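Asker: The structure's right below; bear with me while I get my questions together.
Protein chains in written order, with the working numbering: chain S, 35 to 573; chain G, 514 to 654.
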């Protein structure tokens, strides 16, 4: 690149000058610590009792590191570190802005909750086959995807995530799990292959894969070629995010593993696809996103309207929740479609617009859907079935779970005062300001349909007194109370998570402000480019 | 396959292959070779030993479970990356130190070397796990 023309590209000068502050390492810990921890746990395979405490310590350290990183970014802007001290764009940069840090914090906290919940149901066999190692590797892959500043490196973290999620999907070894894993694996492989093809084409066109460098150089390439590449990215990440019409793998696989694992997947994996889409289409190739605006809007409307209808038609509890996850993806796509970039000169660019709403929606969706799946796990354990038609009478058997369920139902549909209301409000406002009335209408209809779908689940499971069909007056004698282990490790972490959702719903200003910062950082990525050290160069 | 000739010669061949794998590993920094190919050679040596003398003999010979070896490899590689924390340079920066032996030979010790040894152990451990599991009749992970 032109900036490096001042140097000879011999080895020593192509290195960064000056010392690296210890504080910059908060960028590396969220990825390196889980890998390190997984290695230690792999060596301690013969000692099942140290596994959970060690994993807990590692995830706690990761959370501390992510929070430090997020506070620092809120204070002074994006942070970058280039591996091995190579000069960017040659070295692989880890670069975090507000969006990355916000998602990394949320993911790490949810991994902690899921780790605790898993202690209520995990079998010794699953510990021996490496549950905790896979969990840490999955966290490393997710955080790596959020924090990396290099497109090929992003692909590598997608693969780490995919391999760890295969392990978690099949770890119980039940027949239905293998069935789900085959569908999940095959369709996700197609998604990552398309992503990899797009990466190769982009490298052939621009000669760089460093994200900041792409943002600097994209305007010089042929827009037709770049739009085709952006469309490939949209397809690849759309499959990862389970957007309509490539969403079939999600409801086919997410209900098959243990509830803790499916909660982790539902909360986190699809949002990594959304994150990658926001990063590539809005921050790196903004002109191409404007070209594809109509396509993204149609995908968003399709996802928003069809997903809750799927949830309405389902009788399997966790499959129905899977469709609600997909509905949330539609809301985030709507945020991407209505985002405004500095190049288009819209006054809302300073507000972050739709991207800010999409970021807050993603945080809400991660927390709410994880908690929803955990609650569904408790419901399934008490009723001994996965079919909502045979679950009646739970209200009398366990009132706290029914309260958790209705709170989450309201949060998922976006009713105030719960967390889901605020991102929907931000999105609707951004949509009205950008005059995207179809998207606003679809968002509101989605909220309405999701309310109906969740209310149907609640009334089937909790409100109805007894058994299925015409036996509703007969008590459901198949219900089992929760064991002491399930109360302590299952119900308690879920209650804490739901309390956090309620708390964030009542005091949302900090989260909304962080979402606004994330949106500003994405729509005007100057600070991101400067952090990597490429500002004003390569002109 | 399991002839007397093979069973007699296999242990010597295995020892030779193990030494060769270490040679390939150490040669790898500047010349063809390295941790990945070295690990492959070592794993095939263990697989051959398993065919000749039985899986239990291999497990006894390598003391640790191959998966633990792989875990140690990841640990070593990440420790090699963390070494740059103390030099105030970014993660995974290559750091070098030279040791002069009494006879004047200079030996270069570097973090890339330890990273490569880590790669060697990961490849060795994972492939040996797969190979031994396939050679064994019952499954015991």
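By construction, the Cβ of each residue, glycine as well, lies at the ideal position given by its N, Cα and C atoms.
Only a predicted model underlies this, so the values are computations on that prediction, with no experimental measurement involved.
Please list, in chain order, the chain G residues whose beta carbon lies closer than 8 angstroms to that of residue 5/S.
Answerer: As displayed, chain S neither begins before 35 nor continues past 573, which places residue 5/S out of reach and without an answer.
Asker: By the three-class DSSP mapping on this structure, what secondary structure does residue 278/S have?
Answerer: In this structure, residue 278/S counts as coil in the three-state DSSP scheme.
Asker: For residue 383/S and residue 557/S, what's the separation of their Cα atoms in angstroms?
Answerer: With a pLDDT of 44 at residue 383/S, under the threshold of 50, the modelled position of that residue is not reliable, and the figure given next carries that caveat. Each residue's alpha carbon lies about 7 angstroms from the other.
Asker: From which residue to which residue does the beta strand (DSSP E) around residue 601/G run?
Answerer: From DSSP, residue 601/G is part of no beta strand (DSSP E); its letter is neither H nor E.
Asker: From residue 179/S to residue 616/G, what distance separates their C-alpha atoms?
Answerer: The alpha-carbon atoms of residue 179/S and residue 616/G are separated by roughly 50 angstroms.
Asker: Determine the chain G residues that contact residue 62/S at a beta-carbon separation under 7 angstroms, and present them in chain order.
Answerer: Those within 7 angstroms of residue 62/S in chain G are 604.
Asker: Using the Cα positions of residue 205/S and residue 291/S, report the straight-line distance between them to the nearest angstrom.
Answerer: One C-alpha to the other measures close to 8 angstroms.
Asker: Mapping the DSSP letters down to three states, classify residue 547/S as helix, strand or coil.
Answerer: In the structure shown, residue 547/S sits in a helix (DSSP, three-state: H, G or I).
Asker: Quick test of your reading: residue 369/S and residue 341/S, contact by CB under 8 angstroms. State the CB separation rounded to the nearest angstrom.
Answerer: About 16 angstroms separates the two Cβ atoms, so there is no contact after all.
Asker: For a test of the three-state rule: what should DSSP assign to residue 622/G, helix, strand or coil?
Answerer: If DSSP states are grouped into helix, strand and coil, residue 622/G belongs with the strands.
Asker: Relative to the C-alpha of residue 110/S, which candidate in 130/S, 118/S, 126/S, 120/S has its C-alpha closest?
Answerer: Checked all of 130/S, 118/S, 126/S, 120/S; the closest Cα to residue 110/S is 130/S.
Asker: Does any C-beta atom of chain G lie closer than 7 angstroms to the C-beta of residue 76/S?
Answerer: It does; some Cβ of chain G falls within 7 angstroms.
Asker: Is the CB-CB distance between residue 371/S and residue 357/S below 7 angstroms?
Answerer: No, Cβ-Cβ distance for residue 371/S and residue 357/S is not below 7 angstroms.
Asker: With a threshold of 7 angstroms between beta carbons, is residue 643/G in contact with chain S?
Answerer: Not closer than 7 angstroms to any Cβ of chain S, the Cβ of residue 643/G fails to qualify, so no.
Asker: Extract the residue ranges of the alpha helix (DSSP H) inside the stretch 133-166 of chain S, only unbroken runs of 4 or more that lie entirely within it.
Answerer: The qualifying runs are 158-162.
Asker: Is the stretch 271-283 of chain S close to the stretch 215-227 of chain S, with three or more CB pairs under 8 angstroms?
Answerer: Yes, since at least three Cβ pairs between the stretch 271-283 of chain S and the stretch 215-227 of chain S fall closer than 8 angstroms, the two stretches touch.
Asker: Is residue 584/G close to chain S? Criterion is C-beta to C-beta, closer than 7 angstroms.
Answerer: Closer than 7 angstroms: yes.
Asker: Can you list, in chain order, the residues of its chain whose CB lies under 8 angstroms from that of residue 648/G, leaving out five sequence neighbours each side?
Answerer: Correct list, in chain order: 560, 563, 564, 568.
Asker: Along chain G, which residues have their Cβ under 9 angstroms away from the Cβ of residue 275/S?
Answerer: The premise fails here: residue 275/S is roughly 29 angstroms from chain G at the closest Cβ pair, so nothing lies under 9 angstroms.
Asker: CA-CA distance, residue 246/S and residue 227/S?
Answerer: Distance between the alpha carbons of residue 246/S and residue 227/S is about 23 angstroms.
Asker: Is it buried or exposed for residue 543/G, if we count other Cβ within 10 angstroms and need 16 for buried?
Answerer: Residue 543/G is exposed by the Cβ-count criterion.
Asker: Nearest CA to the CA of residue 405/S: which residue from 259/S, 60/S, 152/S?
Answerer: When only C-alpha atoms are compared, the closest one is 152/S.
Asker: List the residues of chain S whose Cβ lies closer than 9 angstroms to the Cβ of residue 581/G, in chain order.
Answerer: Residues of chain S passing the Cβ test: 76, 77, 78, 79, 80.
Asker: Compare the Cα-Cα distances from residue 434/S to each of 526/S, 542/S, 288/S, 81/S and report the closest residue.
Answerer: The candidate whose alpha carbon is nearest that of residue 434/S is 526/S.
Asker: Quick check on the DSSP output: the beta strand (DSSP E) that includes residue 127/S runs from which residue to which?
Answerer: Segment 127-130, the beta strand (DSSP E) holding residue 127/S.
Asker: Identify the contact partners of residue 59/S in chain G, using a Cβ-Cβ distance below 8 angstroms as the criterion.
Answerer: Correct list: 598, 604.
Asker: Kindly give me the distance between the Cβ atoms of residue 588/G and residue 74/S, rounded to whole angstroms, as I take these residues to be in contact under 8 angstroms.
Answerer: Right, their Cβ atoms sit about 6 angstroms apart.
Asker: Closer than 8 angstroms by beta-carbon distance: list the chain S residues that pair up with residue 588/G, in chain order.
Answerer: Going along chain S in sequence order, the residues near residue 588/G (Cβ under 8 angstroms) are 70, 73, 74, 77.
Asker: From the DSSP output, in three-state form, read off residue 500/S for me.
Answerer: Residue state, collapsed to three classes: strand.
Asker: Closer than 8 angstroms by C-beta to residue 568/S: which residues in its own chain qualify, once you throw out the five before and the five after it? Chain order, please.
Answerer: Excluding sequence neighbours, residue 568/S sits near 35, 37, 122, 123, 244, 246, 247, 250.
Asker: Quick one: residues in its chain with C-beta nearer than 8 angstroms to the C-beta of residue 92/S, no 5 flanking neighbours on either side, listed in chain order?
Answerer: Hits under 8 angstroms: 67, 68, 70, 71, 170.
Asker: Tell me whether residue 85/S is buried or exposed, calling it buried when 16 or more other Cβ atoms sit within 10 Å of its Cβ.
Answerer: The residue is buried, with at least 16 neighbouring Cβ atoms inside 10 Å.
Asker: Buried or exposed: where does residue 548/S fall if 16 or more other Cβ atoms within 10 Å of its Cβ makes it buried?
Answerer: Burial call: buried.
Asker: Tell me which same chain residues have a C-beta within less than 7 angstroms of the C-beta of residue 353/S, skipping the five on either side of it?
Answerer: 285, 289, listed in sequence order.
Asker: Are the stretch 510-520 of chain S and the stretch 481-494 of chain S in contact at 8 angstroms, needing three or more beta carbon pairs?
Answerer: No, because fewer than three Cβ pairs between the stretch 510-520 of chain S and the stretch 481-494 of chain S fall closer than 8 angstroms, the two stretches do not touch.
Asker: Let's see if you can read the secondary structure: which residues bound the beta strand (DSSP E) around residue 612/G?
Answerer: 609-613 is the span of the beta strand (DSSP E), which, as asked, contains residue 612/G.
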